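Number 40 in my numbering belongs to position 24 of the sequence shown; there are no gaps in the numbering.
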Amino acid sequence: ADATGGTPVRTFFPETWIWTHVPLVPGQSAQAASGTLAVTAADTITSWSLEAFAVTSSGISATRAETSLRVFKPFFVEMRLPYAAVRGEELELIVAVFNYAGAGTLDAQVE
């Protein structure tokens, strides 16, 4: 639930994520530096990989992380709606319930 007591709605679905400048702090050696950036993960249920580059007066450097960030919801409902509908037309609505919470069975009701 969100701060108002309701169910939070997922709304942030970017194709790419975090294009920003992060200042680096020199590390223990001349070749090492680090930076920190606090962010909220996108609502997309996927895995993100990290790629970064740095530009200095000495040149440019690029890197790719060896691990990924997995963004996941253990329980969610997906509703597939038709592209268009005509008034009075009967429609098939496909509702899929995904339960990866490991809590066993779940009783649900559609109203």
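Positions of the beta carbon are idealized from the N, C-alpha and C atoms, including for glycine. On a predicted model such as this, the values are computed, not experimentally measured, just so you know.
Look at the segment 97-122 and you find these whole runs of beta strand (DSSP E), each 3 residues long or longer: 110-115. If you compare the alpha carbons of ILE61, THR79, THR60 and THR62 with that of ALA68, the shortest gap goes to THR79. Excluding residues up to 5 positions away in sequence, ARG96 lie with their Cβ nearer than 6 Å to the Cβ of ILE110 in the same chain. Only residues of its own chain outside the window of five on either side were considered, and among them LEU107 have a CB closer than 8 Å to the CB of ALA101, listed in chain order.
Contact between ALA58 and PHE28 holds: their C-beta atoms lie close to 5 Å from each other, under 8 Å.
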